[in-house]
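Engineer: 79 is the number of the first residue of the sequence shown in the numbering used here; add one for each residue after it. Each residue gets a CB set at the ideal place from its N, CA and C atoms; glycine is no exception.
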Amino acid sequence: MRVSDKNTAAMAAGLMIILGAGAAVAQSQATLPFVDAEPMDIGQCRAPTSHAGTSRVLTCSCPAAASDSSRSGSAWGTDIYTADSYICLTARHAGVIGSAGGQVTLQMLPGQSSYAGSKRNGETTRNYGRYRASYRYVTTATAAGGMATAPGGAFNAVVDLPDFDMSMIYSKKKKSGGLGNLLGAVGRASGDRTVRDVANVGAELANAAPAGGQGAEDIGECTGMPGKYWDKPGTLLSCTCPAGFSEKSPVWGTGTYTGDSYICKSALHAGAITRSGGRVAIQTLADQSRYSGSTHNGVTTLDYGSTRRLGAYRFVK
79 MRVSDKNTAA
89 MAAGLMIILG
99 AGAAVAQSQA
109 TLPFVDAEPM
119 DIGQCRAPTS
129 HAGTSRVLTC
139 SCPAAASDSS
149 RSGSAWGTDI
159 YTADSYICLT
169 ARHAGVIGSA
179 GGQVTLQMLP
189 GQSSYAGSKR
199 NGETTRNYGR
209 YRASYRYVTT
219 ATAAGGMATA
229 PGGAFNAVVD
239 LPDFDMSMIY
249 SKKKKSGGLG
259 NLLGAVGRAS
269 GDRTVRDVAN
279 VGAELANAAP
289 AGGQGAEDIG
299 ECTGMPGKYW
309 DKPGTLLSCT
319 CPAGFSEKSP
329 VWGTGTYTGD
339 SYICKSALHA
349 GAITRSGGRV
359 AIQTLADQSR
369 YSGSTHNGVT
379 TLDYGSTRRL
389 GAYRFVK
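1. What are the start and end residues of the beta strand (DSSP E) that includes L315?
2. Cα-Cα, which of L346, A169 and Q190 is closest to L184?
3. In whole angstroms, what separates the C-alpha of G376 from that of H347?
4. So, helix, strand or coil for Y307, using DSSP?
5. Assuming Q361 and R392 form a contact by the criterion Cβ under 8 Å, report the distance between their Cβ atoms to the nearest whole angstrom.
6. Just the Cα atoms here: how many angstroms apart are S354 and S344?
7. Could you name each continuous alpha helix (DSSP H) segment of 4 residues or more that falls completely within the stretch 162-204, going from the start of the chain to the end?
8. Would you mind reading off the limits of the alpha helix (DSSP H) that contains L346?
9. Compute the distance between the beta-carbons of T332 and S372, then report whether it is under 8 Å.
10. Out of S212, R208, L167 and Y215, state which residue places its alpha-carbon closest to the alpha-carbon of G200.
11. If the criterion is Cβ atoms closer than 8 Å, does the pair I311 and L363 meet it?
12. Less than 6 Å between C-beta atoms, sequence neighbours within five positions excluded: which residues of the same chain meet that for A143?
13. For T75, which residues from the same chain have a beta carbon less than 8 Å from its beta carbon, with the 5 sequence-adjacent residues on both sides left out?
14. Could you check the C-alpha separation between Y193 and K326 for me, to the nearest Å?
15. Per DSSP, what are the beta-bridge partners of L388 in this structure?
16. Could you check whether R124 and I165 sit closer than 8 Å to each other, using their CB atoms as the reference points?
17. Just to confirm the assignment, what range does the beta strand (DSSP E) spanning A219 have?
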């Protein structure tokens, strides 16, 4: 399969149409986290407080800034905002839309220990301390059967092959070595692109993690890595995954996962537990420069670049 520059331009144009005229001055979608989920359309954007405590992916429409009543509202945070922050105001602040408005997509997150305000794109947000729920802006797949743009300018495509099912990333050729060699990734030339197939790696990486689960701090039922540990690499934590835990929440990485990746789903991906659940231990890590997704144990994780602030983790025995 050859993905031409012409097709790349067409996809980018399609994204601008989806986002509306304001996309011309909006933040590049490649800088937003890619979430493999079907967004819930909530119509006209408002503060998503009714969705607090969930990991739902929501989509809604913002009017032009001149007619937006939320301009007189308030917002707290930068990149990650409190759940009671008005969506259209934060979308302009984040650069996701411009003054013309448009459609936005966001993901609900757990509460953070603090939120730092800032001034961006003509909008000002405020500082705040601990708040029970938050959200961030994301991109999602296009209509069923289409390709979606993932962080870094790659194209995500789920390929149905007769002998196996895998998620493959079509991206520009990358230098050999590094994580690709560790995973035993296989590169197949495809025009001026490379197809990387990654499989059967989670358990091996989990087994290679250092021992040290004993003496870990118990954080109860697993969610994402608690925000207070994002900047505390080397901390050992343990938590419990219930049987039949949800696999809807997104996960980024292989072996090492972003701090906001749902622990139970990444544990299943890594081979640390089965769908029957169980107790797991993780070691917190500093944020990585890149996270490579893969498919293992029936779970597909996603590629992502540096999160800048969320930290990372890996499983330990």
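Structural biologist: Here's the rundown:
1. Taking the first residue of the sequence shown as position 1, residue 315 is located at position 237. Note, L315: beta strand (DSSP E), L314 to C319.
2. Against the sequence shown, residue 184 aligns to sequence position 106. It is A169.
3. For the purposes of this step, residue 376 is identified with residue 298 of the sequence shown, where counting begins at 1. For the purposes of this step, residue 347 is identified with residue 269 of the sequence shown, where counting begins at 1. Approximately 7 Å between the Cα atoms of the pair.
4. As a first step, residue 307 is located in the sequence shown; it is residue number 229 there, counting from the start. In the structure shown, Y307 sits in a helix (DSSP, three-state: H, G or I).
5. The count along the sequence shown starts at 1 and reaches residue 361 at position 283. The count along the sequence shown starts at 1 and reaches residue 392 at position 314. Correct: roughly 6 Å between the Cβ atoms.
6. Locating residue 354 in the sequence shown gives position 276, where the first residue counts as 1. Locating residue 344 in the sequence shown gives position 266, where the first residue counts as 1. C-alpha separation (whole angstroms): 14 Å.
7. 165-172
8. For this step, residue 346 is matched to residue 268 along the sequence shown. Start and end: I341 to A348.
9. Indexing the sequence shown from 1 puts residue 332 at position 254. Indexing the sequence shown from 1 puts residue 372 at position 294. Yes. Within cutoff.
10. As a position in the sequence shown, residue 200 is number 122, starting the count at 1. Nearest of S212, R208, L167 and Y215 to G200, Cα basis: L167.
11. Against the sequence shown, residue 311 aligns to sequence position 233. Against the sequence shown, residue 363 aligns to sequence position 285. First, the residue type needs correcting, since residue 311 is Pro and not Ile in the sequence shown. Cβ atoms of P311 and L363: closer than 8 Å.
12. One-based indexing of the sequence shown puts residue 143 at position 65. These residues qualify, in order along the chain: S177.
13. The structure shown does not extend to residue 75, since the chain is modelled only from 79 to 395, so the question has no answer here.
14. For the purposes of this step, residue 193 is taken as residue 115 along the sequence shown, with counting starting at 1. For the purposes of this step, residue 326 is taken as residue 248 along the sequence shown, with counting starting at 1. Their backbone Cα atoms lie some 26 Å apart in a straight line.
15. Against the sequence shown, residue 388 aligns to sequence position 310. In DSSP, L388 forms no bridge with anything.
16. For the purposes of this step, residue 165 is taken as residue 87 along the sequence shown, with counting starting at 1. For the purposes of this step, residue 124 is taken as residue 46 along the sequence shown, with counting starting at 1. Yes.
17. Mapped onto the sequence shown, residue 219 falls at position 141. That residue, A219, is in no beta strand (DSSP E); it is neither H nor E in DSSP.
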